[in-house]
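For the sequence shown, numbering that gives the first Met the number 0 begins at 0 and goes up steadily by one.
Worksheet: the structure to be examined is printed underneath.
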Amino acid sequence: MTEDAPQLYLIAPALIPASELGPRLSAVLDAHPVACLRLPGAGDETELGRIADLARDIAHARDVAVVIEDHVALALRHGLDGVHLTSGARAVRHARKELGADAIVGAFCGGSRHEGMNAGEAGADYVSFGPCGPTALGLGEPADLDLFQWWSEMIEVPVVAEGALDAALVRQLWTVADFIAIGPEIWSAEDPAAALSALWGA
0 MTEDAPQLYL
10 IAPALIPASE
20 LGPRLSAVLD
30 AHPVACLRLP
40 GAGDETELGR
50 IADLARDIAH
60 ARDVAVVIED
70 HVALALRHGL
80 DGVHLTSGAR
90 AVRHARKELG
100 ADAIVGAFCG
110 GSRHEGMNAG
120 EAGADYVSFG
130 PCGPTALGLG
140 EPADLDLFQW
150 WSEMIEVPVV
160 AEGALDAALV
170 RQLWTVADFI
180 AIGPEIWSAE
190 DPAAALSALW
200 GA
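What follows is the structure, given as structure tokens:
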């Protein structure tokens, strides 16, 4: 790994019961050095709590931080490291107030430089831009390489690249993103850890 290589940010699969998540998550975390694990925040709150407890124990045993999408109360209740806000900058100050100075607060900002700067000024620990590849999911324009290039040169707040990534995009983002988020790209594979190896190693 070179000095400017990005860190791996893992997005856990959505709509999978806790009983199935454990072995899949453990296998990927054992095979790859992950900086942060993100959990889905939508769904039945009881099941989300089970997933949060399971993922926290698995990840913390491997020194991996855990954030959950949008669910500040659940992050507090289940001892997670913070939240990933899918609505951009507007909830950053509230999350920081609720979770405290030491918590991780990240914000997804689509492809908007302006929204990213607002999130950084509000106290976000990182901003996330995406999707980077072609996908029908999400809103607004894709985040292009120029945005990451500009951000890496001008802004100190760490930046995460995510969404519809392939090996070619990972190569392009390698020197301009602090973190590269992988999740949906690997979870449909029979061996997600091997799929991640192929994507990351390319």
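Glycine included, C-beta positions come from ideal geometry on N, C-alpha and C.
Quick caveat, the model's predicted, so the values are computed rather than measured.
Where the beta strand (DSSP E) containing residue i begins and where it ends
i, result
"S25", "Not the beta strand (DSSP E): S25 falls in the alpha helix (DSSP H), residues A17 to A30."
"I154", "Here I154 belongs to no beta strand (DSSP E), and DSSP marks it neither H nor E."
"L9", "Q6 to I10"
"L84", "G81 to L84"
"E208", "What the structure shows of the chain is the stretch from 0 to 201, and residue 208 is not part of that stretch, so it cannot be assessed."
"L36", "V33 to L38"
"A163", "First-last for A163: undefined, no H or E at that position."
"A74", "Segment V71 to R76 is the alpha helix (DSSP H) holding A74; no beta strand (DSSP E) there."
"A180", "F178 to I181"
Rounded separation between residue i and residue j - CA only
i, j, result
"R170", "V66", "26 Å"
"P191", "N117", "35 Å"
"G81", "P32", "19 Å"
"M0", "A94", "Residue confidence is low: M0 scores 43 on pLDDT, short of 50, so the model does not pin down where it sits. Its coordinate-derived value is still stated next. C-alpha separation (whole angstroms): 34 Å."
"V27", "R112", "32 Å"
"E189", "L195", "11 Å"
"D3", "A167", "18 Å"
"C131", "P141", "6 Å"
"A88", "G110", "13 Å"
"T174", "P5", "7 Å"
"H83", "D145", "24 Å"
"V156", "A123", "8 Å"
"S25", "E68", "20 Å"
"A64", "T134", "28 Å"
"E44", "I15", "14 Å"
"S187", "A106", "26 Å"
"A121", "Y8", "22 Å"
"V91", "E97", "10 Å"
"D165", "R23", "21 Å"
"R37", "D56", "14 Å"
"H70", "G78", "12 Å"
The alpha helix (DSSP H) enclosing residue i, as first and last residue numbers
i, result
"G48", "E44 to H59"
"L172", "A166 to L172"
"A197", "P191 to G200"
Residue closest to residue i, alpha-carbon to alpha-carbon, out of the options
i, options, result
"L20", "A94, L168, L172 and L53", "L53"
"E46", "L9, C108 and L73", "L73"
"D101", "L75, G110 and S86", "L75"
"P39", "W199, I10, D62 and A90", "I10"
"A30", "A58, I15, A51 and A13", "A58"
"S18", "I50, S86, C108 and P183", "I50"
"G42", "D62, G115, R61 and A13", "A13"
"E114", "L172, S86, H70 and A193", "S86"
Kindly confirm or deny that the stretch 178 to 185 and the stretch 137 to 155 touch, where touching means at least three C-beta pairs closer than 8 Å.
-> With the cut-off at 8 Å, the stretch 178 to 185 and the stretch 137 to 155 do not touch.
Please determine if the stretch 159 to 166 and the stretch 120 to 127 are in contact, where contact requires at least 3 C-beta pairs separated by less than 8 Å.
-> Under the Cβ criterion (8 Å, minimum of three pairs), the stretch 159 to 166 counts as touching the stretch 120 to 127.
Would you list, in sequence order, the uninterrupted beta strand (DSSP E) runs of no fewer than 3 residues that lie entirely inside the stretch 88 to 149?
-> Considered as a whole, the stretch 88 to 149 harbours 103 to 107 and 125 to 128 as its complete beta strand (DSSP E) runs of no fewer than 3 residues, in chain order.
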